[in-house]
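Undergrad:
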Amino acid sequence: EHRQDSREHMVRESHQDRELGTCPRESPSFHSRFTTLTISREPRSKHGAKDGALGTGQGCGRASSGAATAATTLFEPGRDGQTPQVVVLVGAPGMGKTTMVRKVMVEWREGTLHTQFDFVFCIDCKATVLPMEASVADLVSQCCPGLRVPAGKILDDQKRILFIFDGFEALGFSLVQPEAELSSDPREVKPLELTLMSLLKKTVLPKASLLITMRPTALGSLRRCLKGEYYMEILGFSAARREEYFHRYFENPSKADTAFRFARGNEILYSLCVIPVMSWTICTILEQELCGKKNLLECSKATTGMMIFYLSQLLKHRGRDNPQVLQQFLLHLCSLAAEGIWKHKVLFEEKEIKDCGLDQPGLLPFFLNERIPGEGEDHGSVYAFTHLHLQEFFAAMFYVLEDDGETVSSLGRLERDVNKLLESYKSRKDLNVTVRFLFGLVSQKSIEYMDKTIGCRISPRAREELLEWLQGRHRGLSHPGQALKVSEMDTFHFLFEMNEKSFAQSALGPFTDLDLQDTRLTLYDQMALSFCIQHWAGLGCITLQGCSFHWQDPEVEMDAVAVVPQVWWAGEQPGQVKCAEPRFSVLSHRLQWCRLTESCCAELAALLAEHPGLARLELGDSSLGDSGVRLLCEGLRNPACRLRILR
């Protein structure tokens, strides 16, 4: 009766986390939405990071040998055979701490797991208003006001009780309290911080179990006041779980496949999907993009747009009352990120954080994780961005975030020179993602959205420098007397990130040829090409030599290639070739060593008739076969075909 009675009152839903996407819906749909998270039993391990994610142990995204993958393991015996009484679940914002708490609650209420507890009392430290003074019995009554059993009687059987503190750092209490003032009586009323400290120090209800969730930046002070605690760290989604999450989110298999292919084809987005709230962000945007569409070939949101949306959700309701404080904090954060990118540095010492003015507990945990030194390590705490791509994003923002003049002079250590960054890109290709984000940040949409949703001002001054740099780098690659051509794939990435028709037209205006050789084109590459070609009025010749066109997961795809770019010829299925609305007159197509086969010939034949401007077609080293050539000849016989040269 006790367990059933308390179960009916225990499960709470956090509105804030639901908005962030980290809190799945209530049971029974909770199970249909929940995707298993990877949890490490060694949060302070020294394993290297994978997927660019950086946790308290620099190991997010990678499960160590002691890793677990389900909430069932939270109170299971450890390697020493001991069942933990105190579990501290650590994770960056958006990693799914509240989701894990709710999974524990739902499974306990259903009686499928955690049945060793008769009562589970969950306090959402971010949302619950707690009294200034209270006893442990008072806290129990406040958690479950409808209990038919007196709180005092419940507390008699300590071993059957689990207390959960979700988001413990939000309480903001000092964890240094005089030992003599701690309580040993669960009915004794004390100042709230003393009552909670008594639970942590086990001076009251020493046999009760505790589950505490918190961000890494608050871990150090808590660790000093716990005894016999067991640490676990949420590492996010594994590769397999990322795909599972997309299918659970969309429910419609076709839309899930389309959305996941889009994310999988974009290396940056796919890497960021290790963070659960980032997976939610991407799915939310793609769900809107897919509304009324069958594909994402003209998705209006590039990588930068999704990052800005993620940032706006992360900072929701914070900094709006005092945007100057947030703007100044972000400037210092961006300075730290940029300095790290220049120096190939992802770990920052505590002194650097303080020197930069970033030691603000209300903002710092949203962006940086704290790594607590392990036993025997004599240095202080070190910090890292939640993910390398987030550091690159803020590094790009450093060059375009507006300031009041005084802030810049106080940064001091790094010059905000866009041209220097672009010039260095020639020899440092590791700056590619930073430069890509730079283009995305100065788009008109990004400038307006940042100001509206976050209250931060982005300067458009860098646009002219970016335009001059793009045109100059390709002029230098073209030989005198020959047609000006674009032969670097990253140019199309940069223009696609900005996603502005007029800018793309200006950047590509002086050039007449597109020349790519031996390039493996992902779906993201093809979308970038599609966008640029549609806005390239002077394009006269396309040469694709030894290129392959991929649309599936590269890890399972092996040798699958599309016949021709399925993006600017956007068919319903890979390999279908259908011309999009013609916005230019292409004189020549060179598709040499692209391994074209018989299956593409019917579409190529249609292409010849639909585009009379096509005068030259080269299909060198292809495997068309006799039947393929016969299909091609049908297109050549069409009166609308104006082809002059076929190789």
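So the sequence shown is residues 1 to 647, counted in full-length UniProt numbering. Quick reminder that beta carbons are idealized off the backbone N, C-alpha and C, glycines included.
(1) Taking the beta carbon of residue 156 as the centre, do at least 16 other beta carbons fall within 10 Å, making it buried, or is it exposed?
(2) Rounding to the nearest angstrom, what Cα-Cα distance links residue 382 and residue 193 in this structure?
(3) Just the Cα atoms here: how many angstroms apart are residue 447 and residue 305?
(4) Using only the alpha-carbon positions, how far apart do residue 198 and residue 182 sit?
(5) Since residue 236 is in the beta strand (DSSP E), which residue starts that stretch and which ends it?
(6) Check each candidate in 497, 588 and 599 and name the one with the smallest Cα separation from residue 613.
(7) Taking the alpha carbon of residue 96 as the point to measure from, which residue in 433, 33, 625 and 253 has its own alpha carbon closest?
(8) Could you check what DSSP says for residue 660 in three-state terms: helix, strand or coil?
(9) By the three-class DSSP mapping on this structure, what secondary structure does residue 610 have?
(10) Nearest to residue 380 by CA position, among 282, 393, 349 and 286, is which residue?
(11) Could you say which of 92, 80 and 625 lies nearest to residue 649 if we only look at CA atoms?
(12) Among the residues of its own chain, which have a CB less than 6 Å from the CB of residue 559, if the five just before and after it don't count?
(13) Please state whether DSSP places residue 383 in a helix, a strand or coil.
(14) Residue ranges of each alpha helix (DSSP H) run of no fewer than 4 residues wholly in the stretch 426–512, ordered along the chain?
(15) Thinking C-alpha only, which one of 520, 365 and 265 is nearest residue 218?
(16) Taking only three categories from DSSP, how would you classify residue 208?
(17) Are there 16 or more other CB atoms within 10 angstroms of the CB of residue 629, so buried, or fewer, so exposed?
(18) In chain order, what are the residue ranges of uninterrupted alpha helix (DSSP H) at least 4 long that sit wholly in the stretch 267–339?
(19) Could you check whether residue 441 and residue 454 sit closer than 8 Å to each other, using their CB atoms as the reference points?
(20) Can you give the beta carbon distance from residue 276 to residue 94, rounded, assuming they're within the 8 Å contact cut?
(21) Determine whether the beta carbon atoms of residue 136 and residue 206 lie at a separation below 8 Å.
(22) Residue 332 and residue 356 look like a contact to me (Cβ under 8 Å); what is the Cβ gap, rounded to whole Å?
(23) Taking only the alpha-carbon atoms, compute the straight-line gap between residue 392 and residue 175 and give it to the nearest angstrom.
(24) Just verifying my parser: in three-state terms, what is the DSSP assignment at residue 83?
(25) CA-CA distance, residue 172 and residue 493?
(26) For residue 684, count the other beta carbons within 10 Å of its own beta carbon; 16 or more makes it buried, fewer makes it exposed. Which is it?
(27) Give the C-beta separation of residue 229 and residue 88 to the nearest angstrom, bearing in mind that I take them to be a contact with Cβ-Cβ under 8 Å.
(28) Would you kindly work out how many angstroms separate the C-alpha atoms of residue 463 and residue 424, rounded to a whole number?
(29) Using the C-alpha atoms, what's the distance from residue 414 back to residue 618?
(30) Report yes or no: do three or more beta-carbon pairs, one from the stretch 229–244 and one from the stretch 141–158, lie closer than 8 Å?
(31) Beta strand (DSSP E) containing residue 121: first to last residue?
(32) Rounded to the nearest angstrom, what separates residue 610 and residue 620 at their Cα positions?
(33) I need the straight-line Cα distance from residue 545 to residue 518, nearest angstrom please.
(34) For residue 584, which three-state DSSP category applies?
(35) Roughly how far, in whole angstroms, is the beta-carbon of residue 601 from the beta-carbon of residue 632, given that I think they are within contact range, below 8 Å?
(36) Residues in its own chain within less than 7 Å of residue 268 by CB, not counting five upstream and five downstream?
TA: For this structure:
(1) When all chains shown are included, residue 156 counts as exposed.
(2) Their backbone Cα atoms lie some 28 Å apart in a straight line.
(3) Roughly 10 Å separates the two Cα atoms.
(4) Cα to Cα, the separation comes out at about 5 Å.
(5) First-last of the beta strand (DSSP E) with residue 236: 229–236.
(6) Nearest to residue 613 by alpha-carbon distance, out of 497, 588 and 599, is 588.
(7) The shortest C-alpha to C-alpha distance from residue 96 to any of 433, 33, 625 and 253 is the one to 33.
(8) Outside the displayed span of the chain (1 to 647) sits residue 660, for which this structure offers no information.
(9) Residue 610 falls in the helix class under three-state DSSP.
(10) The shortest Cα separation from residue 380 among 282, 393, 349 and 286 belongs to 349.
(11) In the structure displayed, the chain extends from 1 to 647; residue 649 sits before or after that span and is not available.
(12) Reliability of the predicted coordinates at residue 559 is poor, the pLDDT of 34 falling under 50, and the value obtained from them is presented with this limitation in mind. Closer than 6 Å at the Cβ level, and outside the excluded window around residue 559, lies no residue.
(13) Residue state, collapsed to three classes: strand.
(14) The qualifying runs are 432–441, 444–449, 462–477, 489–498 and 501–508.
(15) Cα-wise, what sits closest to residue 218 is 365.
(16) DSSP places residue 208 in coil when its eight states are reduced to three.
(17) For residue 629, the number of other beta carbons within 10 angstroms of its own is below 16, and it is reported as exposed.
(18) Counting only runs of at least 4 residues, the stretch 267–339 fully encloses the following alpha helix (DSSP H) elements, listed from N- to C-terminal order: 267–272, 276–290 and 303–314.
(19) In this structure, residue 441 does not lie closer than 8 Å to residue 454 by Cβ.
(20) Confirmed, about 6 Å.
(21) By the CB criterion at 8 Å, residue 136 and residue 206 fall outside the cutoff.
(22) So it is a contact: roughly 5 Å between Cβ atoms.
(23) Each residue's Cα considered, the two are about 35 Å apart.
(24) Looking at residue 83 - three-state DSSP - the assignment turns out to be coil, as it is neither helix nor strand.
(25) Taking the straight line from one Cα to the other gives about 44 Å.
(26) Since the displayed the chain opens at 1 and closes at 647, residue 684 lies outside it and no answer follows.
(27) Between residue 229 and residue 88 a beta carbon distance of about 5 Å is seen, short of the 8 Å cut, so the two are scored as contacting.
(28) Whole-angstrom Cα-Cα distance: 18 Å.
(29) Answer to the nearest angstrom: the Cα atoms are 50 Å apart.
(30) The stretch 229–244 vs the stretch 141–158: no contact.
(31) Looking at the DSSP string, the run of the beta strand (DSSP E) that includes residue 121 is 119–124.
(32) Rounded to the nearest whole angstrom, the CA to CA distance from residue 610 to residue 620 is 22 Å.
(33) Computed Cα separation, rounded: 6 Å.
(34) Its pLDDT being 37, under 50, residue 584 is placed unreliably in this model, and the value from its coordinates should be taken loosely. Under the three-state reduction of DSSP, residue 584 is assigned to coil, being neither helix nor strand.
(35) Yes, residue 601 and residue 632 are in contact; Cβ-Cβ is about 5 Å, under 8 Å.
(36) Cβ neighbours of residue 268 beyond the five flanking positions: 303, 389 and 433.
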